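Residue numbering for the sequence shown follows this note's numbering, starting at 101 and increasing by one per position. Backbone N, C-alpha and C define an ideal beta-carbon position, used for all residues, glycine too. Keep in mind the model is a prediction, meaning the values are calculated, not measured. Here the structure is laid out as structure tokens; the discussion comes afterwards.
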Amino acid sequence: MKVVHVAAGIIVRGQQVFISKRSSAQHQGDKWEFPGGKVESGESVLEALTRELKEEVNLDVINAQAFHQLEFDYGDKIVQLDFYLVDKFEGVGKGLEGQQTAWVNMSELADYNFPAANQVIVEMLMTQFA
Numbered sequence: 101m102k103v104v105h106v107a108a109g110i111i112v113r114g115q116q117v118f119i120s121k122r123s124s125a126q127h128q129g130d131k132w133e134f135p136g137g138k139v140e141s142g143e144s145v146l147e148a149l150t151r152e153l154k155e156e157v158n159l160d161v162i163n164a165q166a167f168h169q170l171e172f173d174y175g176d177k178i179v180q181l182d183f184y185l186v187d188k189f190e191g192v193g194k195g196l197e198g199q200q201t202a203w204v205n206m207s208e209l210a211d212y213n214f215p216a217a218n219q220v221i222v223e224m225l226m227t228q229f230a
């Protein structure tokens with residue numbers, strides 16, 4: 101089975117977190133996610149996260165720390181996710197690939213439709229930042 105390694109950024113500003121919506125054509129399309137992308141060969145997770153956040157949402161990572169790792173089997177592929185908490189960054193977050201983005205209150209994360217693999221992260225954030 102195909103294994104995909106993904107770096108995702110939990111971009112925090114006070115009690116808010118930055119999320120983006122996947123395009124309908126993507127795997128898990130039309131669901132909200134923590135921005136990020138695939139880790140390329142020869143690249144560290146932090147390097148991938150920094151590159152992806154710049155490419156996708158125009159943010160430069162200043163400080164990020166490992167938050168949680170998980171593996172999720174979607175049936176057609178296994179996704180290995182490395183989540184980093186990004187609490188210092190430069191730039192104004194915006195969807196550079198046409199995707200919808202939003203700053204949302206941590207307490208409202210459950211109101212957004214996330215992929216199943218992200219549910220544990222949503223719960224952790226709502227508990228930790230409550």
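Which of the three DSSP states is assigned to residue i in this structure?
i: Asp-130; result: coil
i: Ser-207; result: helix
i: Asn-213; result: coil
i: Glu-140; result: coil
i: Asp-176; result: coil
i: Glu-171; result: strand
i: Val-192; result: coil
Considering only the beta carbon of each residue, do residue i and residue j sit closer than 8 Å?
i: Gln-169; j: Leu-185; result: no
i: Leu-159; j: Ile-119; result: no
i: Met-226; j: Leu-209; result: yes
i: Lys-131; j: Asn-213; result: yes
i: Glu-133; j: Asn-218; result: yes
In the DSSP assignment, find the unbroken alpha helix (DSSP H) run with residue i in it and report its ends.
i: Ala-148; result: 145-157
i: Leu-225; result: 219-228
Opposite residue i in the DSSP bridges: which residues?
i: Tyr-184; result: Gly-109, Ala-166
The beta strand (DSSP E) that contains residue i, what's its start and end?
i: Val-117; result: 116-121
Measure the beta-carbon distance from residue i to residue j and round it to whole angstroms, keeping in mind my assumption that it falls under 8 Å.
i: Ile-162; j: Lys-188; result: 4 Å
i: Val-157; j: Thr-201; result: 6 Å
i: Gly-109; j: Leu-153; result: 5 Å
i: Val-139; j: Val-103; result: At roughly 11 Å, the Cβ-Cβ gap does not stay under 8 Å, so Val-139 and Val-103 are not in contact.
i: Arg-113; j: Trp-203; result: 7 Å
i: Phe-183; j: Ala-216; result: Not a contact, Cβ separation roughly 15 Å.
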